[in-house]
Amino acid sequence: MALLKAHPSSGPCLAVLACTSLLTLIGLAGRQGRAGCAEHVRKFLEWPTLRAIHEVRAACTDDGDALAASSDLRSAPWCVNDPDARAWAARYAELRGVNLGGWLLMERWLVGGNAYVNTTCCGRVESPYNGTACSTATSELTLTIELRARGELSKIDVFRDAYVTQGDFALLRARGVNSVRLPIGYWIVDPAVLPRDVGFHQGAGLRHVDDAVRWAGASGLSVVLELHGAPGGQSGAQTTGSQDHAWTPSSFNASASVEILRTLAQRYAAAQNVIALGLVNEPELPVDTLLPFYEKAIRAIREHMPASRVAVVINLFSERGLLAIATDAWRVFNVQLTPARGFANIIFDLHIYYAFLPQQLADTSLATVTGTLVWVQSLLTQVTGRPVFVGEWSLRLPGWGTAVGDEFGALTPSAQNATLQRFATNQIRGISRAARSDVQPRLGGAFWSWNAPVLSAVRGPGCVSGEQAQWGYNVSLNRGWIVPSQWSAPSHVAERDTDSDTEAETETH
Ligand SMILES: *[C@@H]1O[C@H](CO)[C@@H](O)[C@H](O)[C@H]1NC(C)=O
Ligand SMILES: *[C@@H]1O[C@H](CO)[C@@H](O)[C@H](O)[C@H]1NC(C)=O
Ligand SMILES: *[C@@H]1O[C@H](CO)[C@@H](O)[C@H](O)[C@H]1NC(C)=O
Ligand SMILES: *[C@@H]1O[C@H](CO)[C@@H](O)[C@H](O)[C@H]1NC(C)=O
Ligand SMILES: *[C@@H]1O[C@H](CO)[C@@H](O)[C@H](O)[C@H]1NC(C)=O
């Protein structure tokens, strides 16, 4: 099939809200007249303060209409008209997803904050981090090295077999979820891609991914596969599996990463419920590294997974947190011929968290963060010029020592409860498909994560402590913070997805 599609370099955006919004922001924000909403959004992106939030709130209407209102905003070179992405998005009900984080990449804060983890199959299960000093086993890599030296690598296998099981998929579906995002460390796929790699433990490796895809399918769930830890690391953060303060972008091994993605694409090409493949999670890599990597990776994936069936996901990320959207990454991807504009069915993934706000926002107020800021950030999901889903979100708020964290901590348990309920409602509304943006819709998202970290009994550097339940979808439901009917949607697998358009059209969303 033809991989490259011709796109006029400045073709009409077909009244796409996202595109017109973007043009407004970048091109016309300084002009006279209707600039109100756009101008304030631009100011917010440059320097997000309390005042900027309120100005956006006052200047913009609820679904960003003010951004889209004007008819001379119809052509933006960075607005990508991607018919395959639109067709893909139309075929599936909105993603009401949950991440299976911590499983095939054991992030210390998620699974090692205590001696045990909570599981569905077996209740409390010993954490593989149990008994390691937090200061040495800071990540899966250092943990693995320590366990190998003690002859206890099997602890990792035991953990993987218990942390996520078939019963979890059934429970996920019973709790309204229609999709799982599955973060994978490269060593699960192939530990030998790096010649000198003696660190990570593959164990049963891809058998776990096979299980996940099959179990998900049996429960009516789709799967978004995602490379969470890339060979050489896409950053020095423990979320890659290796916390390394000496990491530099030159450590990232693009060719090995492409091979991992190729293997995944080939292996799951026939799995109808694998609907998207994410290239790399939260890369702290320069654009001139990312662009050629993305291009090669997309070509490799498309040898096996056609654009008509599987979306390729690019995670827009910035260490500056909510300002991911303000980096020029999206602009580069959309405008340059390669990779994004030149390829079909590319969607963007934004991670929208409130736990890691810049100081000036963490020191506003609880109502501002859980209300107005959520509204402002969800407006931003419409300005990338492509379909967007929020691959990670949670109910975690800024911590102690911030004005917002202290205000929350001072509330009674039932007032905290009510605050988190409102916070959840607002976030869900913000990332859900809006009626009028159905050409490049918001695609929904995935909560981070299914199993919450349990309360820490362990103190020390690298150890989490305090209440962590707001990171867990399951426990957020159990405690009434998320109402099941809010985050529930039709099954993806029941919406059989390849055979014919007619079949797709008979589905109700
Ligand atoms: C999710 O909650 C249900 C209901 O309380 C419980 O049975 C199950 O073990 C929990 N699973 C996880 C992973 O927390
Ligand atoms: C953690 O390790 C200690 C020491 O080996 C052991 O006594 C304890 O039972 C373990 N905790 C769990 C939850 O298995
Ligand atoms: C990247 O990985 C490949 C194996 O897939 C290896 O041949 C190559 O040497 C690695 N490159 C670097 C810079 O480590
Ligand atoms: C939180 O809300 C849920 C659902 O409304 C309720 O069942 C639970 O008792 C509340 N907890 C507290 C501490 O108020
Ligand atoms: C862990 O499981 C215990 C026992 O079922 C439960 O009381 C607790 O709320 C769970 N914690 C989290 C964070 O899921």
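So the sequence shown is numbered by our numbering: it starts at 857 and just counts up by one.
No residue lacks a Cβ here, since even glycine has one placed at the ideal position from N, Cα and C.
Just so it is clear, the structure is predicted and the values come from calculations on it, not from any experiment.
Query raised in the report: Looking only at C-alpha atoms, which of Ile1040, Leu1276, Leu1222, Arg1165 sits nearest to His1348?
Result: For the purposes of this step, residue 1348 is taken as residue 492 along the sequence shown, with counting starting at 1. Here the closest residue by C-alpha is Arg1165.
Requested in this report: Please say whether Leu1077 and Asn1034 have beta carbons closer to each other than 8 Å?
Outcome: One-based indexing of the sequence shown puts residue 1034 at position 178. One-based indexing of the sequence shown puts residue 1077 at position 221. The Cβ-Cβ distance between Asn1034 and Leu1077 falls below 8 Å.
Query raised in the report: Who are the Cβ neighbours of Gly1098 in its own chain at under 7 Å, not counting the five residues just before and after it?
Result: Looking up residue 1098 in the sequence shown gives position 242. Sequence inspection shows Ser at residue 1098; the Gly mentioned does not correspond to that position. Once the five neighbours on either side are set aside, the close Cβ partners of Ser1098 are Ser995, Leu997, Gly1089.
Query raised in the report: Does the Cβ of Ala1048 have 16 or more other Cβ atoms within 10 Å, making it buried, or fewer, making it exposed?
Result: Position 192 of the sequence shown, counted from the start, is the residue given in the question as residue 1048. Using a 10 angstroms sphere on the CB of Ala1048, the tally of other CB atoms stays under 16, which defines it as exposed.
**Report entry** Contacting residues, own chain, Cβ-Cβ under 7 Å from Asp940 (five flanking each side not counted)
**Finding:** As a position in the sequence shown, residue 940 is number 84, starting the count at 1. Correct list, in chain order: Ala1163, Ser1164, Ala1200, Asn1201.
Query raised in the report: Roughly how far, in whole angstroms, is the beta-carbon of Val1079 from the beta-carbon of Asn1137, given that I think they are within contact range, below 8 Å?
Result: Reading the sequence shown from its first residue, position 223 is the one you call residue 1079. Reading the sequence shown from its first residue, position 281 is the one you call residue 1137. Separation of the CB atoms of Val1079 and Asn1137 is rounded to 15 Å, and the pair is thereby denied contact status at 8 Å.
Query raised in the report: Would the beta-carbon of Glu982 be found less than 7 Å away from any heavy atom of ligand 2?
Result: As a first step, residue 982 is located in the sequence shown; it is residue number 126 there, counting from the start. Checking every heavy atom of ligand 2 against the Cβ of Glu982, one is found closer than 7 Å.
**Report entry** CB contact flag (Val1225, Tyr1209, <8 Å)
**Finding:** On the sequence shown, position 369 is the one that residue 1225 refers to. On the sequence shown, position 353 is the one that residue 1209 refers to. No, Cβ-Cβ distance for Val1225 and Tyr1209 is not below 8 Å.
Report task. Check whether the Cβ of Val1331 lies closer than 7 Å to any heavy atom of ligand 1, and answer yes or no. Result -> Against the sequence shown, residue 1331 aligns to sequence position 475. At least one heavy atom of ligand 1 is found less than 7 Å from the C-beta of Val1331.
Query raised in the report: Going straight from the alpha carbon of Trp1256 to that of Thr905, what length do you get?
Result: Translated into the one-based positions of the sequence shown, residue 1256 becomes position 400. Translated into the one-based positions of the sequence shown, residue 905 becomes position 49. Take the alpha-carbon of Trp1256 and the one of Thr905: they are about 20 Å apart.
Query raised in the report: What span of residues does the alpha helix (DSSP H) with Trp965 cover, start to end?
Result: Sequence index remark: in the sequence shown, residue 965 carries index 109 (1-based). Trp965 -> alpha helix (DSSP H) spans 964-967.
Requested in this report: Under 6 Å Cβ to Cβ from Pro1087, same chain only, skipping five residues before and after it: list those, please.
Outcome: Translated into positions along the sequence shown, residue 1087 becomes position 231. Within the same chain, Pro1087 has close Cβ partners Tyr1042, Val1049, Leu1050, Asn1109, Ala1112, Ser1113.
Report task. Please name the residue, chosen from Asp1219, Glu1008, Leu1141, that lies closest to Ser1107 on a Cα-to-Cα basis. Result -> Here residue 1107 is taken as the residue at index 251 of the sequence shown, counted from 1. The shortest C-alpha separation from Ser1107 is found at Leu1141.
Query raised in the report: Sorry if obvious, but does the Cβ on Ala1121 come closer than 7 Å to a heavy atom of ligand 5?
Result: One-based indexing of the sequence shown puts residue 1121 at position 265. Relative to ligand 5, Ala1121 has its C-beta separated by 7 Å or more from all heavy atoms.
**Report entry** Spatial distance of Gln1022 from Val1014 (CA atoms)
**Finding:** Here residue 1022 is taken as the residue at index 166 of the sequence shown, counted from 1. Here residue 1014 is taken as the residue at index 158 of the sequence shown, counted from 1. About 15 Å.
**Report entry** Tyr1329 - DSSP class collapsed to helix/strand/coil
**Finding:** Taking the first residue of the sequence shown as position 1, residue 1329 is located at position 473. In the structure shown, Tyr1329 sits in a helix (DSSP, three-state: H, G or I).
Query raised in the report: What residue does the beta strand (DSSP E) around Asp1205 start on, and which one ends it?
Result: Against the sequence shown, residue 1205 aligns to sequence position 349. Per DSSP, Asp1205 belongs to the beta strand (DSSP E) from 1202-1207.
Report task. Name the two residues that bound the continuous alpha helix (DSSP H) containing Val1143. Result -> In the sequence shown, the residue the question calls residue 1143 occupies position 287. From DSSP, the alpha helix (DSSP H) with Val1143 extends over 1143-1158.
Report task. For Gly1073, name the three-state secondary structure that DSSP assigns. Result -> Taking the sequence shown and counting its residues from 1, one reaches residue 1073 at position 217. It is helical.
Query raised in the report: Is there contact between the region 1297-1307 and the region 900-916, where contact requires at least three CB pairs shorter than 8 Å?
Result: With a cut-off of 8 Å, the region 900-916 and the region 1297-1307 do not count as touching, because too few Cβ pairs lie within range.
Query - Per-residue burial, Pro1243 [other beta carbons within 10 Å of its own, 16 or more giving buried] - result: Position 387 of the sequence shown holds residue 1243. Label assigned to Pro1243: buried.
Query raised in the report: According to DSSP, which residues form a beta bridge with Thr975?
Result: For the purposes of this step, residue 975 is taken as the residue at position 119 of the sequence shown. Here Thr975 is bridged, per DSSP, to Gly979.
Report task. Can you check the region 1026-1053 for any beta strand (DSSP E) of at least 3 residues that lies completely inside it and give the ranges in chain order? Result -> With a minimum length of 3 residues, the unbroken runs of beta strand (DSSP E) contained wholly in the region 1026-1053 fall at 1035-1041.
Report task. Note the first and the last residue of the continuous alpha helix (DSSP H) segment covering Gly1085. Result -> In the sequence shown, residue 1085 corresponds to position 229, counting from 1. Judged by DSSP secondary structure, Gly1085 falls outside any alpha helix (DSSP H) and instead within the beta strand (DSSP E) spanning 1078-1085.
Requested in this report: Using only the heavy atoms of ligand 5, determine whether one of them is closer than 7 Å to the beta carbon of Asn974.
Outcome: Along the sequence shown, one-based indexing puts residue 974 at 118. Asn974: yes, Cβ under 7 Å from ligand 5.
Report task. Check the DSSP bridge columns for Glu1248 and list the partner residues they point to. Result -> Your numbering for residue 1248 matches position 392 in the sequence shown. Answer is His1207, bridged to Glu1248.
**Report entry** Exposure label - Arg1298; buried when at least 16 CB within 10 Å
**Finding:** As a working mapping, residue 1298 is identified with position 442 in the sequence shown. Residue burial is scored here from C-beta neighbours: Arg1298 has at least 16 other C-beta atoms within 10 angstroms and is therefore classed as buried.
Requested in this report: Tell me whether Val1166 sits in a helix, a strand or coil according to DSSP, three-state version.
Outcome: In the sequence shown, residue 1166 corresponds to position 310, counting from 1. For Val1166, the secondary structure class from DSSP, reduced to helix, strand or coil, is coil.
Query raised in the report: From what residue to what residue does the beta strand (DSSP E) around Val1130 run?
Result: Reading the sequence shown from its first residue, position 274 is the one you call residue 1130. Taken as a continuous stretch (DSSP letters only), the beta strand (DSSP E) holding Val1130 covers 1130-1134.
Query raised in the report: Asn1171 bridges to which residues according to DSSP?
Result: Taking the sequence shown and counting its residues from 1, one reaches residue 1171 at position 315. Beta bridge pairing from DSSP links Asn1171 with Asp1205.
Requested in this report: Alpha carbon to alpha carbon, how far is Asp1046 from Ala1167? Give it in angstroms, no decimals.
Outcome: Counting from one through the sequence shown, the residue named residue 1167 turns up at place 311. Counting from one through the sequence shown, the residue named residue 1046 turns up at place 190. When rounded, the distance between both Cα atoms is 23 Å.
Query - C-beta contact flag for Leu999 and Tyr985 at 8 Å - result: Translated into positions along the sequence shown, residue 999 becomes position 143. Translated into positions along the sequence shown, residue 985 becomes position 129. Taking 8 Å as the Cβ cut-off, Leu999 and Tyr985 qualify as a contacting pair.
Requested in this report: With a threshold of 7 Å, establish whether the CB of Gly1241 neighbours any heavy atom of ligand 3.
Outcome: For the purposes of this step, residue 1241 is taken as residue 385 along the sequence shown, with counting starting at 1. Result no, Cβ not under 7 Å from ligand 3.
Query raised in the report: Can you tell which of Ala1121, Ile1012, Leu1038 has its C-alpha closest to the C-alpha of Val835?
Result: The structure shown has nothing for residue 835, since the chain only spans 857 to 1365.
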